[in-house]
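Heads up, the thing below is written out as structure tokens.
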Amino acid sequence: MTDNLMVFITILCSAAVTYSLRLGGLLLSEKLPSSGKFKIFMDALPGTLLLSLIAPGIASSGLWGGIAAICTAVCTYRTGNVFLAMITGVGIVALSRYFC
Amino acid sequence: MKEDIRSGFISNLPVAVSVMAYGSVLGMLAAQKNIQWTELMFMNVFVFAGTAQFVMVEMWKNSLPVIEITIAVLVINLRYVLIGASLRTLFEGKALKHKMAVMHLVADENWAVTMAALKSGKANTYFLLGGGLCLLTSWCFGTLLGHSLGAVIKNPEAYALDFAFVAVFTALAFSMWQGKRNVVPWIAAAVFAVAAEKMLPGKWYVLIGGMGGAAVEAFLWGKGDNTNDR
């Protein structure tokens, strides 16, 4: 059972951080570098961060998990449809568990 | 003003469909983690950032790691600084109060729709706000739908719902693929993450992998300021 207060604090912290970034970006827009290493770092961050989130999970999910992850990645790249790609990956793992 | 909000709302309806589908997945996963629907709604309204909410739900456990979650949300949402910065001309001459009110409902989708509409001169801040309201509605509706479905499913492993996290993040990650220039940084990110996960407790591997990979990218391509090189 999760403590209600902790849930409240967690969501509030995340909300405060997210809102500060949104408003901060607009208010500080004149001072941010729009080229160079900082820009490249910021542009690369979402992708590498999401990949890091799942890399250990994929590494320990076995053969079918790896195959499903590759298919999901290829499907995203080809169709650009995140939802379809996700269904593909989950479908492959579900089928492998059903038949293997 | 009302007309602009309405037009923004309507222009975002096509993306709202996929936002709803995506939200239903989040709702389903939240139900598996025993997150109450009220807590989920609270999160939807106050955080209002899809990918970050997926990260939050993924990191959710009985003793909540508040600091790790907050830092992860901070890093995943750093891109909003750039999104916010890109809206400078749209908000030109508006009062601070107006900026503060509208910016909360800026997400990837209504930002993209607004930027596209701006090219044909149809967008203003109310248009952006209308889009945000449309996304908030569909996001809440989708997550609620998923949550009620997820609570019904008793054996999620049989439908591979435990793999849904990996699948949704794989798809999200590769939707941000920028081409060949990403190969080395992404391999570095994966190696850093797997190694850190083995050596450190908690969720720090997410930040180490993410920031390490992005640093490699900046190091490789940042020389000579050739930012337009892909």
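Chain order of the listed sequences is U and S.
Here the first sequence is numbered in my numbering, starting from 787 and rising by one per residue.
Here the second sequence is numbered in my numbering, starting from 84 and rising by one per residue.
Backbone N, C-alpha and C fix where the C-beta goes; we use that ideal spot for every residue, glycine too.
Since the model is a prediction, treat every value here as computed from it, not as a measurement.
Buried or exposed: which applies to residue 790 of chain U, given that a residue is buried once 16 or more other Cβ atoms fall within 10 Å of its Cβ?
exposed
Within the 7 Å Cβ cut-off, does residue 819 of chain U reach chain S?
no
Any beta-carbon of chain B closer than 7 Å to the one on residue 232 of chain S?
Absent from the structure is chain B; the protein chains it does hold are U and S.
Determine the burial state of residue 286 of chain S: buried for a count of at least 16 other Cβ atoms within 10 Å of its Cβ, exposed for fewer.
buried
Are there three or more Cβ pairs, one per stretch, closer than 8 Å when the stretch 135-150 of chain S is compared with the stretch 108-116 of chain S?
yes
Name the residue from U:824, U:823, U:810 and U:798 whose alpha carbon lies nearest to the alpha carbon of residue 171 of chain S.
U:810
At 4 residues or longer, and completely inside the stretch 227-305 of chain S: list those alpha helix (DSSP H) runs for me, N to C.
247-257, 266-282 and 287-304
Min CB distance residue 795 of chain U to chain S below 7 Å
yes
Taking the alpha-carbon positions, what's the residue 303 of chain S to residue 179 of chain S distance?
39 Å
Proximal residues to residue 97 of chain S (C-beta, below 6 Å), its chain only, five neighbours per side dropped:
none
Would you say residue 835 of chain U and residue 159 of chain S are within 7 Å of each other, going by their C-beta atoms?
yes
For residue 148 of chain S, the three-state DSSP class (helix, strand or coil)
coil
Which of helix, strand or coil DSSP assigns to residue 208 of chain S
helix
Residue span of the alpha helix (DSSP H) that contains residue 829 of chain U, given as start and end:
822-845
Along chain S, which residues have their Cβ under 8 Å away from the Cβ of residue 843 of chain U?
248 and 249
Grouping DSSP H, G and I as helix and E and B as strand, with all else coil, what is residue 168 of chain S?
helix
Is the stretch 188-207 of chain S touching the stretch 869-882 of chain U in the sense that three or more CB pairs, one from each, lie closer than 8 Å?
no
Which residue wins for smallest C-alpha separation from residue 181 of chain S, given the options S:202, S:208 and S:196?
S:208
What does the alpha-carbon distance come out to for the pair residue 312 of chain S and residue 215 of chain S?
Because the pLDDT of residue 312 of chain S is 43, which lies under 50, any placement of that residue in the model is unreliable, and the question is left without a value.
Helix, strand or coil: which one does DSSP assign to residue 867 of chain U?
coil
Is residue 114 of chain S close to chain U? Criterion is C-beta to C-beta, closer than 7 Å.
no
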